[in-house]
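Below: the structure, in structure tokens.
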Amino acid sequence: MSQLFLDPTNIPTGCKNFQHVPATLPQSVRALGHLPDINQLLPGDLILISPITPSFVQKQIQRVQTKGGYHGDDARWTHSAVYLGSDFSTCDATGKGIRHNSLLDVISNHRIRVRREPTLETNYRWRIALSATLQLGTSYGIRSALTIWVRSIQGFHAPQNTATRSRSSIICSELYADSFLMATGSTLQWNHPGKDVSPALLSYVPELVDIATGWLKIPA
1 MSQLFLDPTN
11 IPTGCKNFQH
21 VPATLPQSVR
31 ALGHLPDINQ
41 LLPGDLILIS
51 PITPSFVQKQ
61 IQRVQTKGGY
71 HGDDARWTHS
81 AVYLGSDFST
91 CDATGKGIRH
101 NSLLDVISNH
111 RIRVRREPTL
121 ETNYRWRIAL
131 SATLQLGTSY
141 GIRSALTIWV
151 RSIQGFHAPQ
161 NTATRSRSSI
171 ICSELYADSF
181 LMATGSTLQW
191 NHPGKDVSPA
201 LLSYVPELVD
211 IATGWLKIPA
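Going by this note's numbering, the first residue of the sequence shown is number 1, and it counts up by one from there.
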């Protein structure tokens, strides 16, 4: 199935103007001249990110996900975040722990894909966003990242020990999965407790659908 995402290297001509451009923007975004149409986004949306030019670490994430058995279209997504429902604000887990961030920092040099569970009511979407922010300050899950690397050697299809995951730290894809579970109280096929949750898994799962966002032009 084809994926829907924004690609800063392939922006169509004739985009409509962005009506309420933020007063300040990264210089790279000014140079790009376009912004994502965030009117199509909802709180609690999953944001997947794939670098145009991967760093060494990003290449290793892609390699691990491919080695573990994911298709290249899914393995290319190296990071995920939770959209908070306002402007370009996101919540994600980086090496510095779980923090507030902004799509403005990545749109000029990353492909961005938006996914969501289409049947959720609005109050549950806000709960996903709130559940993510309640984890602000949690440390980054280095142990989880290493565990995923080890398991990729035998393939992610192999049986997993559900008791190995630490709850005191978290990686980016676990943040979305945990926030979804906390907000909805439902365990879907893809977020059973203990299951390794990677950006590639969140890219693959059929319970989430891609959202067409499109570009808007920054007026001169």
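From the three backbone atoms N, C-alpha and C, an ideal C-beta is built for every residue, glycine too. Computed from a predicted structure; not experimentally measured.
Could you name the residues that DSSP lists as bridge partners for TRP215?
The count along the sequence shown starts at 1 and reaches residue 215 at position 215. Per DSSP, PRO36.
Indicate the three-state DSSP secondary structure (helix, strand or coil) for PRO199 in the structure shown.
Counting from 1 along the sequence shown, the entry for residue 199 is found at position 199. It is helical.
CA-CA distance, LEU201 and GLY97?
The count along the sequence shown starts at 1 and reaches residue 201 at position 201. The count along the sequence shown starts at 1 and reaches residue 97 at position 97. Near 21 Å, if we compare the C-alpha coordinates of GLY97 and LEU201.
Are the CB atoms of ASP74 and THR213 nearer to each other than 8 Å?
For the purposes of this step, residue 74 is taken as residue 74 along the sequence shown, with counting starting at 1. For the purposes of this step, residue 213 is taken as residue 213 along the sequence shown, with counting starting at 1. No, they are not a contact pair.
Have a look at LYS67 and ILE61 and give me their C-alpha separation to the nearest angstrom.
Stepping through the sequence shown from its first residue, residue 67 is reached at position 67. Stepping through the sequence shown from its first residue, residue 61 is reached at position 61. Distance between the alpha carbons of LYS67 and ILE61: 10 Å.
I'd like the span of the beta strand (DSSP E) that includes ASP92, first residue to last.
Numbered from 1 along the sequence shown, position 92 holds the residue referred to as residue 92. From DSSP, the beta strand (DSSP E) with ASP92 extends over 89 to 94.
Can you give me the C-alpha to C-alpha distance between ALA145 and LEU48, rounded to a whole angstrom?
To locate residue 145, count along the sequence shown from 1; it is residue 145. To locate residue 48, count along the sequence shown from 1; it is residue 48. Residue placement at ALA145 cannot be trusted, given a pLDDT of 46 that sits under 50; the coordinates are not used to answer.
Considering only C-alpha positions, which residue in the set HIS20, ARG116 and TYR83 is nearest to LEU216?
In the sequence shown, the residue the question calls residue 216 occupies position 216. Nearest option by C-alpha distance: HIS20.
With distances taken Cα to Cα, identify the nearest neighbour of TYR204 among TYR83, HIS71, CYS172 and LEU104.
Sequence index remark: in the sequence shown, residue 204 carries index 204 (1-based). It is HIS71.
So, at 7 Å on beta carbons, what are the nonlocal neighbours of HIS110 in its own chain, with the 5 sequence-adjacent residues on each side left out?
Within the sequence shown, numbered from 1, the residue matching residue 110 stands at position 110. If we look at HIS110 and ignore the five residues flanking it on each side, its Cβ neighbours are ILE49, SER50, PRO51 and ILE52.
Looking only at its chain, what residues have a beta carbon closer than 8 Å to the beta carbon of LEU130, apart from the 5 residues adjacent to it on each side?
The sequence position of residue 130 within the sequence shown is 130, counting from 1. ALA183, listed in sequence order.
Would you decide whether THR164 is buried or exposed? Buried here means 16 or more other CB atoms lie within 10 Å of its CB.
As a first step, residue 164 must be located in the sequence shown, where it is residue number 164. In this prediction, THR164 has a pLDDT of 48, which is less than 50 and means its spatial position is unreliable; what the coordinates show is noted afterwards. The residue is exposed, with fewer than 16 neighbouring Cβ atoms inside 10 Å.
In or out: LEU6 buried (at least 16 other Cβ within 10 Å) or exposed?
Here residue 6 refers to the residue found at position 6 when the sequence shown is read from its first residue. Burial call: buried.
Look at the Cβ atom of LEU46, then the Cβ atom of ARG115, and state whether they are nearer than 8 Å.
On the sequence shown, position 46 is the one that residue 46 refers to. On the sequence shown, position 115 is the one that residue 115 refers to. Yes, Cβ-Cβ distance for LEU46 and ARG115 is below 8 Å.
Tell me the residue span of the alpha helix (DSSP H) that contains VAL82.
Locating residue 82 in the sequence shown gives position 82, where the first residue counts as 1. Element bounds for VAL82: not the alpha helix (DSSP H) but the beta strand (DSSP E), 79 to 83.
According to DSSP, simplified to helix, strand and coil, what is SER108?
For the purposes of this step, residue 108 is taken as residue 108 along the sequence shown, with counting starting at 1. Note: SER108 maps to coil in three-state DSSP.
Report back the beta-carbon spacing between ALA220 and CYS172 to the nearest angstrom; my notes put them in contact at under 8 Å.
Start at 1 with the first residue of the sequence shown, and residue 220 comes out as number 220. Start at 1 with the first residue of the sequence shown, and residue 172 comes out as number 172. Incorrect: roughly 36 Å between the Cβ atoms, too far for contact.
Put ILE148 into one of helix, strand or coil per three-state DSSP.
Locating residue 148 in the sequence shown gives position 148, counting from the first residue. Confidence is the limiting factor: at ILE148 the pLDDT is only 47, short of 50, which leaves the residue's position unreliable and the question unanswerable from this model.
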